[in-house]
Ligand code: GRF
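Residue numbers (full-length UniProt numbering): 1 to 201.
Below is the structure:
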């Protein structure tokens with residue numbers, strides 16, 4: 001199961017990996033969920049013939065009710081793994097209780113540096129010379145869960161001129177490959193989480 005909020009290029013990379021080698025990749029995508037409609041990520045899922053659902057925060061009286069609705073919609077597909085691939089919402093207690101330990105996220109910075117919604121911009125503003133991406137399990141903090149894998153991207157002097165647009169694209173190139181690799185390995189080999197240590201078996 002993949003959750004998206006935007007363009008869905010990470011989702012597309014996963015779809016392509018499954019399509020290229022359906023048996024060998026080890027994972028298949030059972031459905032795609034989103035917190036908003038009319039986004040390219042959902043179109044990509046529909047084009048691939050996958051079921052989709054949308055649960056918008058504003059359609060629910062409280063954030064807890066949204067969390068319950070998202071949990072229920074996700075649970076209906078009985079996923080082994082839930083992948084937040086550019087899903088820009090913090091899920092609530094109920095979702096974590098149900099999917100904790102099998103819910104992963106991809107973040108466009110080298111955690112624990114630059115967590116939150118502006119990882120690329122914040123790394124650039126800080127003057128970091130290297131940044132990158134992190135695939136990690138989700139816990140109840142913001143981008144604080146156990147790290148599974150990271151990829152490094154160098155910051156170029158000219159990145160300061162476009163506010164990080166080109167830098168984010170270079171990060172996403174690395175991020176897509178990392179996410180595809182991690183999801184395949186988790187699915188094929190299984191894994192253990194001991195405290196902050198993640199071992200793919
Ligand atoms: C990724 O860089 C992700 O880490 C960030 O938003 C981007 C999503 O890109 N939170 P896409 O929707 O997969 O193209």
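Note that CB positions come from ideal geometry on N, CA and C, so glycine has one too.
Would you say residue 92 and residue 67 are within 8 Å of each other, going by their C-beta atoms? yes
Count the C-beta pairs between the region 4-11 and the region 38-48 that are closer than 8 Å, then say yes if the count reaches three, no if not. yes
Which runs of the alpha helix (DSSP H), 4 residues or longer, sit entirely within the region 24-55? 40-47
On the premise that residue 81 lies in contact with residue 102, defined as a C-beta separation below 8 Å, what is that separation, rounded to the nearest angstrom? 5 Å
Any chance the CB of residue 136 is under 7 Å from a heavy atom of ligand 1? no
8 Å Cβ cutoff, residue 96 in contact with chain C: No chain C is present in this structure, which holds just one protein chain.
If we count the other Cβ atoms within 10 Å of its Cβ and call it buried at 16 or more, is residue 198 buried or exposed? buried
Per-residue burial, residue 51 [other beta carbons within 10 Å of its own, 16 or more giving buried]: exposed
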